[in-house]
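Novice: Below you will find the structure I want to go over with you.
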Amino acid sequence: MSTGWSREEMAARAALDIPDGSYVNLGIGIPELVTRFVPEGREFIYHTENGMLGMGPPPADADRDLDLMNAGKKYVTAVPGAAYFHHADSFSMIRGGHIDVCVLGTMQVASNGDIANWSTGAPDAIPAVGGAMDLVQGVKHIYVITQHTTRTGEPKLVERCSYPLTGPGVVSRIFTDLAVVDVTDNGFQVVELAPGVTFAEVESKTGAPILPPA
Amino acid sequence: MSTGWSREEMAARAALDIPDGSYVNLGIGIPELVTRFVPEGREFIYHTENGMLGMGPPPADADRDLDLMNAGKKYVTAVPGAAYFHHADSFSMIRGGHIDVCVLGTMQVASNGDIANWSTGAPDAIPAVGGAMDLVQGVKHIYVITQHTTRTGEPKLVERCSYPLTGPGVVSRIFTDLAVVDVTDNGFQVVELAPGVTFAEVESKTGAPILPPA
Amino acid sequence: MINKMYSSIPDAVADIPDGATVMVGGFGASGSPIELIHALIDQGARNLTVINNNTGNGDVGLAALIGNGQVSKMICSFPRSSQSRVFPRLYKEGRIELELVPQGTLAERIRAAGAGIPAFYTPTTVGTVLAEGKESREFEGRTYVMEPWLKADFALIKCEVADPLGNLTYNKTARNFSPLMCMAATTTIVQTKKRVAAGEIDPEHVITPGIFVNRIVEVPDPVHEDTLIAEGRSYP
Amino acid sequence: MINKMYSSIPDAVADIPDGATVMVGGFGASGSPIELIHALIDQGARNLTVINNNTGNGDVGLAALIGNGQVSKMICSFPRSSQSRVFPRLYKEGRIELELVPQGTLAERIRAAGAGIPAFYTPTTVGTVLAEGKESREFEGRTYVMEPWLKADFALIKCEVADPLGNLTYNKTARNFSPLMCMAATTTIVQTKKRVAAGEIDPEHVITPGIFVNRIVEVPDPVHEDTLIAEGRSYP
Numbered sequence: 002m003s004t005g006w007s008r009e010e011m012a013a014r015a016a017l018d019i020p021d022g023s024y025v026n027l028g029i030g031i032p033e034l035v036t037r038f039v040p041e042g043r044e045f046i047y048h049t050e051n052g053m054l055g056m057g058p059p060p061a062d063a064d065r066d067l068d069l070m071n072a073g074k075k076y077v078t079a080v081p082g083a084a085y086f087h088h089a090d091s092f093s094m095i096r097g098g099h100i101d102v103c104v105l106g107t108m109q110v111a112s113n114g115d116i117a118n119w120s121t122g123a124p125d126a127i128p129a130v131g132g133a134m135d136l137v138q139g140v141k142h143i144y145v146i147t148q149h150t151t152r153t154g155e156p157k158l159v160e161r162c163s164y165p166l167t168g169p170g171v172v173s174r175i176f177t178d179l180a181v182v183d184v185t186d187n188g189f190q191v192v193e194l195a196p197g198v199t200f201a202e203v204e205s206k207t208g209a210p211i212l213p214p215a
Numbered sequence: 002m003s004t005g006w007s008r009e010e011m012a013a014r015a016a017l018d019i020p021d022g023s024y025v026n027l028g029i030g031i032p033e034l035v036t037r038f039v040p041e042g043r044e045f046i047y048h049t050e051n052g053m054l055g056m057g058p059p060p061a062d063a064d065r066d067l068d069l070m071n072a073g074k075k076y077v078t079a080v081p082g083a084a085y086f087h088h089a090d091s092f093s094m095i096r097g098g099h100i101d102v103c104v105l106g107t108m109q110v111a112s113n114g115d116i117a118n119w120s121t122g123a124p125d126a127i128p129a130v131g132g133a134m135d136l137v138q139g140v141k142h143i144y145v146i147t148q149h150t151t152r153t154g155e156p157k158l159v160e161r162c163s164y165p166l167t168g169p170g171v172v173s174r175i176f177t178d179l180a181v182v183d184v185t186d187n188g189f190q191v192v193e194l195a196p197g198v199t200f201a202e203v204e205s206k207t208g209a210p211i212l213p214p215a
Numbered sequence: 665m666i667n668k669m670y671s672s673i674p675d676a677v678a679d680i681p682d683g684a685t686v687m688v689g690g691f692g693a694s695g696s697p698i699e700l701i702h703a704l705i706d707q708g709a710r711n712l713t714v715i716n717n718n719t720g721n722g723d724v725g726l727a728a729l730i731g732n733g734q735v736s737k738m739i740c741s742f743p744r745s746s747q748s749r750v751f752p753r754l755y756k757e758g759r760i761e762l763e764l765v766p767q768g769t770l771a772e773r774i775r776a777a778g779a780g781i782p783a784f785y786t787p788t789t790v791g792t793v794l795a796e797g798k799e800s801r802e803f804e805g806r807t808y809v810m811e812p813w814l815k816a817d818f819a820l821i822k823c824e825v826a827d828p829l830g831n832l833t834y835n836k837t838a839r840n841f842s843p844l845m846c847m848a849a850t851t852t853i854v855q856t857k858k859r860v861a862a863g864e865i866d867p868e869h870v871i872t873p874g875i876f877v878n879r880i881v882e883v884p885d886p887v888h889e890d891t892l893i894a895e896g897r898s899y900p
Numbered sequence: 665m666i667n668k669m670y671s672s673i674p675d676a677v678a679d680i681p682d683g684a685t686v687m688v689g690g691f692g693a694s695g696s697p698i699e700l701i702h703a704l705i706d707q708g709a710r711n712l713t714v715i716n717n718n719t720g721n722g723d724v725g726l727a728a729l730i731g732n733g734q735v736s737k738m739i740c741s742f743p744r745s746s747q748s749r750v751f752p753r754l755y756k757e758g759r760i761e762l763e764l765v766p767q768g769t770l771a772e773r774i775r776a777a778g779a780g781i782p783a784f785y786t787p788t789t790v791g792t793v794l795a796e797g798k799e800s801r802e803f804e805g806r807t808y809v810m811e812p813w814l815k816a817d818f819a820l821i822k823c824e825v826a827d828p829l830g831n832l833t834y835n836k837t838a839r840n841f842s843p844l845m846c847m848a849a850t851t852t853i854v855q856t857k858k859r860v861a862a863g864e865i866d867p868e869h870v871i872t873p874g875i876f877v878n879r880i881v882e883v884p885d886p887v888h889e890d891t892l893i894a895e896g897r898s899y900p
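As structure tokens, this is what we get:
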């Protein structure tokens, strides 16, 4: 077992790559941790698909407003300068290319930037897509935070996704517990290794050709 | 010269055919007079394309707000219960079939319901269409108020419009100084003659076959 | 004076017929018009096509309507969530149809219906199984799919403040799909927490202009789906 | 802290290059960002394509920009009005191009650009000369024409209240095209009558969320086109 980055460290590393003043949409899971690691001197404005810019942290139970939820249906707060709007306006922000960065979890991501994070394609599964396909097509930069492999050790960074795609060729950067990996014209390219992790380990746990750090 | 209806009487007659509670858009000219003749016990809500429902009468000069205009760029007021909105929402009301009645002036109207009221088609004219083509395609009922003939005595109710169309087959009822005329599957049909006006006179001043009152 | 107020919830939903297409406002629990949905359960219309982002939670509200066998088809983006049991069961038994529509496309299709736009192009779903059977086309070197408008016979909507003309405001993220659904339904039925006189809502602050609203009932203390579920309630 | 405020009007428009496409908010005189337009006259960019409902009035604002020879093409719905003289003269002399777009189609094309919708279908212009050259198509037995989105490099916008994040409100019918243009331009430049701190605009009352705004200058006492014309003014 390598050392590598913890969930929190992955989120913190991703936050480092988000410029000051960015409009950011965060997926459910590890991506939500990004809010805890905004680098000193930077400010991000969080968008939630259900109709809000300026989403703040969860409220204390006593302060929660049953009409103030995020896209994951969790209770949230509003920061000063927030705005509410309806769903068509919210997805105009997404589809129209106004959101700068979206950080998503995933089941698989391929070396051509394909992402599969909405369905296993199992015949008895109930398909549920939400806003995932809108986000990957509309947001300027699609970042992924994910463990490098599944719990059973299968690579999540693959040559071709075996699960149904959320969108083709959309991911630009991947933050795993082992490395930061770019999707380039030449496929996966490690840009940074986690402390104590070797390129050989990353390569062995990646299901596609991957280039070492330059 | 026949007696016939005055401009005010034409507007009052048109107002009689607008049901209580209607959302109404009025064109420039005689149609604007409709607001003065709302029948007792009825209430109309006026829509103006530039972004307002609940348009009220012109203000006294001292009370005018330079940011409160109608589509004809005249200063207006807002009634209690008014709402402001942007142009895409305003034309959603029009195109989406939410406005009940639009009363327009015209240059020509044909017996198949075609209307031509935006351009003479003269080669040196500067074309200007505004919202006319949106209105005639979107509003549920298109009424026309017009003199029966031009100043030089040419019929304005014609078999085919010679001017460029605003929209094809859209007009349902016409209020002239001489008669109320419906556009039917059988062409023009007089439904009411102005006091002192004979059907023969109407027929002689109409540029298309026209049926007498039933 | 124009007055769209109804004094009785049952009266407001009485004429929804079997086979109707019904939009239901709300995103998850926020903005869900529980009282109107429960009145529709009491009323009993069947074979409904329901449009909502989700499929309800627990055994109240939309989930209860589905559980009561009144819905033959759901059009939604996310039919399962942590507390949705009713739809998954019926779906696996083959007793309810599902049209899965991505969330942004769902919102835009509803808006298009209200705006008189029969179809539009979107990049969403391109290159995925959800684009299968859709017409695609290139604009400026990128591929898009064509999506049709989505209309309804009725919309059931929850708002915060309403006046008798039908001007509405909402509370926070309870707004979500509701202003769009008001535009897209032939008959829009609204439950409001608070009723005010015409003119009391600042014309600058109106979110849904009255032209999109047909009927309003005042429900001063609406129940909230999350509260009902926490209390273990079911309906009827 | 995010702060989109500029202290100088010239700085806010300094980088608009020759050949740019510029949306200008306003419907006739209401909502016209006269100070920003005059700064663009001072700045001198030429060969501009300008998108506005009209073509300006008198010899100030948009009409003055056109009169100064900076505009090679207008995209608008109504290029003449009682007080517009500059555009008609240049048009008749063949010195300015005109793309005539019906008002509702103009609004929807601008919104489409902001919403990532490359094209949509509308019934407007069907059966008229303005449909010539457009692709048409039937939906549910009715004919519609296809219209493309309409983008811009810059938008010049006048608003009533702004905060440093770019959240905006407007005054009455001065709202018109402005919220749509904010969405559709790569760089949106706003003049505001009043500046407030973030949080002072109620999140329920924001008309243009800050994500659509790039630069804001405070112009506490903006001139109004109608007043300038009544005073017989011209610019520069």
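Protein chains in written order, with my numbering: chain A, 2 to 215; chain B, 2 to 215; chain C, 665 to 900; chain D, 665 to 900. Heads up, the beta-carbon is just placed ideally off N, CA and C, and yes, glycines get one too. Nothing here was measured: the structure is a model prediction, and the numbers come from that model.
1. Going by DSSP, what residue range makes up the alpha helix (DSSP H) through residue 179 (chain B)?
2. What does residue 840 (chain D) reach in chain B if we use C-beta pairs closer than 7 Å?
3. Which residues in chain A sit within 8 Å of residue 785 (chain C), going by Cβ to Cβ distance?
4. Please list the terminal residues of the continuous beta strand (DSSP E) segment that includes residue 110 (chain A).
5. What residue range does the alpha helix (DSSP H) around residue 784 (chain D) cover?
6. Beta carbons nearer than 7 Å to chain A: which residues of the segment 812 to 845 of chain D have them?
7. Just the chain D side, please: which residues come within less than 7 Å of residue 803 (chain C) by C-beta, in chain order?
8. DSSP beta-bridge partners for residue 93 (chain A)?
9. Identify which residue in C:733, C:703, C:686, C:692 has its Cα closest to the Cα of residue 721 (chain C).
10. Residues in the segment 127 to 140 of chain B with C-beta within 8 Å of chain D's C-beta atoms, listed in sequence order?
11. Please classify residue 40 (chain B): is it buried, with 16 or more other beta-carbons within 10 angstroms of its beta-carbon, or exposed?
12. Which residue spans inside the segment 738 to 784 of chain C form an unbroken beta strand (DSSP E) run of at least 3?
13. Between which two residues does the beta strand (DSSP E) harbouring residue 817 (chain D) extend?
14. List the residues of chain B whose Cβ lies closer than 8 Å to the Cβ of residue 767 (chain D), in chain order.
15. Just verifying my parser: in three-state terms, what is the DSSP assignment at residue 48 (chain B)?
16. Looking at the C-beta of residue 886 (chain D), does it have a partner C-beta in chain A at a distance below 8 Å?
17. Could you confirm whether any beta carbon from chain D is found closer than 8 Å to the beta carbon of residue 167 (chain B)?
18. From the beta carbon of residue 57 (chain B), is the nearest beta carbon of chain C less than 8 Å away?
19. Going by the CB atoms, is the gap between residue 716 (chain C) and residue 726 (chain C) shorter than 8 Å?
20. I want to verify the contact list: residues of chain A whose CB lies under 8 Å from the CB of residue 764 (chain C), in sequence order.
21. Taking the alpha carbon of residue 834 (chain C) as the point to measure from, which residue in C:818, C:859, C:900, C:745 has its own alpha carbon closest?
22. Using a C-beta cutoff of 8 Å, does residue 697 (chain D) count as contacting chain G?
23. What did DSSP end up calling residue 735 (chain D) once you bin it into helix, strand or coil?
24. Can you check whether the CB of residue 100 (chain A) is closer than 8 Å to the CB of residue 11 (chain A)?
25. Can you find a C-beta in chain A that's less than 8 Å from the C-beta of residue 870 (chain D)?
26. Pull up the DSSP beta-bridge partners for residue 145 (chain B), would you.
27. Put residue 719 (chain D) into one of helix, strand or coil per three-state DSSP.
28. Could you round the C-beta distance between residue 79 (chain B) and residue 57 (chain B) to whole angstroms and report it? I think they count as a contact, below 8 Å.
29. Helix, strand or coil for residue 701 (chain C)? Go by DSSP, reduced to three states.
30. Pull up the CB-CB distance for residue 55 (chain A) and residue 22 (chain A), whole angstroms please, since I reckon it's below 8 Å.
31. Between residue 71 (chain A) and residue 107 (chain A), how many whole angstroms is the CB-CB distance? I'm expecting something under 8 Å.
32. Quickly, what does DSSP pair residue 810 (chain D) with across the bridge? List them, please.
33. Assuming residue 686 (chain C) contacts residue 724 (chain C) (C-beta within less than 8 Å), just tell me the rounded distance between them.
34. With respect to the beta strand (DSSP E) encompassing residue 8 (chain B), which residues constitute its N-terminal and C-terminal limits?
35. Report yes or no: is there a C-beta of chain A within less than 8 Å of the C-beta of residue 779 (chain D)?
36. Drop a sphere of 10 angstroms on the beta-carbon of residue 822 (chain D), count the other beta-carbons inside from all chains shown, and report buried for 16 or more, exposed for fewer.
Specialist: In brief:
1. Taking the second sequence and counting its residues from 1, one reaches residue 179 (chain B) at position 178. For residue 179 (chain B), no alpha helix (DSSP H) segment is defined, and its DSSP state is neither H nor E.
2. For this step, residue 840 (chain D) is matched to residue 176 along the fourth sequence. Result: 51, 52, 87, 88.
3. For the purposes of this step, residue 785 (chain C) is taken as residue 121 along the third sequence, with counting starting at 1. Correct list: empty, because the minimum Cβ distance to chain A is about 11 Å.
4. To locate residue 110 (chain A), count along the first sequence from 1; it is residue 109. Where residue 110 (chain A) is concerned, the enclosing beta strand (DSSP E) stretches over 109 to 111.
5. Sequence index remark: in the fourth sequence, residue 784 (chain D) carries index 120 (1-based). Taken as a continuous stretch (DSSP letters only), residue 784 (chain D) belongs to no alpha helix (DSSP H), being part of the beta strand (DSSP E) at 783 to 786.
6. 827, 829, 831
7. In the third sequence, the residue the question calls residue 803 (chain C) occupies position 139. Those within 7 Å of residue 803 (chain C) in chain D are 782, 783.
8. In the first sequence, residue 93 (chain A) corresponds to position 92, counting from 1. For residue 93 (chain A), which the question treats as bridged, DSSP gives no partner whatsoever.
9. Working through the third sequence from its first residue, we reach residue 721 (chain C) at position 57. Comparing Cα-Cα distances from residue 721 (chain C) to each of C:733, C:703, C:686, C:692, the minimum goes to C:692.
10. 127, 128, 129, 130, 131, 132, 133, 134, 135, 138, 139
11. In the second sequence, counting from the first residue as 1, residue 40 (chain B) sits at position 39. Classification of residue 40 (chain B): exposed, given that the 10 Å Cβ count is below 16.
12. 761 to 764
13. Your numbering for residue 817 (chain D) matches position 153 in the fourth sequence. Run containing residue 817 (chain D): 816 to 826, per the beta strand (DSSP E) assignment.
14. By 1-based counting over the fourth sequence, the position of residue 767 (chain D) is 103. Chain B residues near residue 767 (chain D): 50, 88, 92, 130, 131, 132, 135.
15. Taking the second sequence and counting its residues from 1, one reaches residue 48 (chain B) at position 47. When DSSP states are grouped into helix, strand and coil, residue 48 (chain B) belongs to the strand group.
16. Here residue 886 (chain D) is taken as the residue at index 222 of the fourth sequence, counted from 1. Any Cβ of chain A closer than 8 Å to the Cβ of residue 886 (chain D) would place that residue at the interface, and such an atom is absent.
17. Working through the second sequence from its first residue, we reach residue 167 (chain B) at position 166. Yes, contact with chain D.
18. Taking the second sequence and counting its residues from 1, one reaches residue 57 (chain B) at position 56. Against chain C, the CB of residue 57 (chain B) has no partner CB under 8 Å away; the residue lies outside that interface.
19. Position 62 of the third sequence holds residue 726 (chain C). Position 52 of the third sequence holds residue 716 (chain C). Yes, Cβ-Cβ distance for residue 726 (chain C) and residue 716 (chain C) is below 8 Å.
20. Along the third sequence, read from residue 1 onward, the residue named residue 764 (chain C) stands at position 100. Here the neighbours are 128, 129, 130.
21. Taking the first residue of the third sequence as position 1, residue 834 (chain C) is located at position 170. For residue 834 (chain C), the nearest C-alpha among the options comes from C:859.
22. Absent here is chain G; the protein component of the structure consists of chains A, B, C and D.
23. On the fourth sequence, position 71 is the one that residue 735 (chain D) refers to. DSSP places residue 735 (chain D) in strand when its eight states are reduced to three.
24. Working through the first sequence from its first residue, we reach residue 11 (chain A) at position 10. Working through the first sequence from its first residue, we reach residue 100 (chain A) at position 99. For residue 11 (chain A) and residue 100 (chain A), no; Cβs fall outside 8 Å.
25. The residue given as residue 870 (chain D) occupies position 206 in the fourth sequence. For residue 870 (chain D), a Cβ of chain A is located within less than 8 Å of the residue's own Cβ.
26. On the second sequence, position 144 is the one that residue 145 (chain B) refers to. Beta-bridge pairing links residue 145 (chain B) to B:105, B:175.
27. Within the fourth sequence, the letter at position 55 stands for residue 719 (chain D). Coil, per DSSP.
28. Here residue 79 (chain B) refers to the residue found at position 78 of the second sequence. Here residue 57 (chain B) refers to the residue found at position 56 of the second sequence. With 8 Å as the limit, residue 79 (chain B) and residue 57 (chain B) qualify as a contact, their Cβ atoms being about 6 Å apart.
29. One-based indexing of the third sequence puts residue 701 (chain C) at position 37. Helix.
30. What you label residue 55 (chain A) is simply residue 54 of the first sequence in a count that begins at 1. What you label residue 22 (chain A) is simply residue 21 of the first sequence in a count that begins at 1. About 13 Å; that fails the 8 Å criterion.
31. Here residue 71 (chain A) is taken as the residue at index 70 of the first sequence, counted from 1. Here residue 107 (chain A) is taken as the residue at index 106 of the first sequence, counted from 1. Contact flag wrong, Cβ pair sits at about 19 Å.
32. Taking the first residue of the fourth sequence as 1, we reach residue 810 (chain D) at position 146. D:785.
33. Position 22 of the third sequence, counted from the start, is the residue given in the question as residue 686 (chain C). Position 60 of the third sequence, counted from the start, is the residue given in the question as residue 724 (chain C). Contact flag wrong, Cβ pair sits at about 17 Å.
34. Stepping through the second sequence from its first residue, residue 8 (chain B) is reached at position 7. Bounds of any beta strand (DSSP E) do not take in residue 8 (chain B); it lies within the alpha helix (DSSP H) bounded by 8 to 17.
35. Against the fourth sequence, residue 779 (chain D) aligns to sequence position 115. Cβ-Cβ to chain A under 8 Å: yes for residue 779 (chain D).
36. Translated into the one-based positions of the fourth sequence, residue 822 (chain D) becomes position 158. Its Cβ being crowded by 16 or more others within 10 Å, residue 822 (chain D) is buried.
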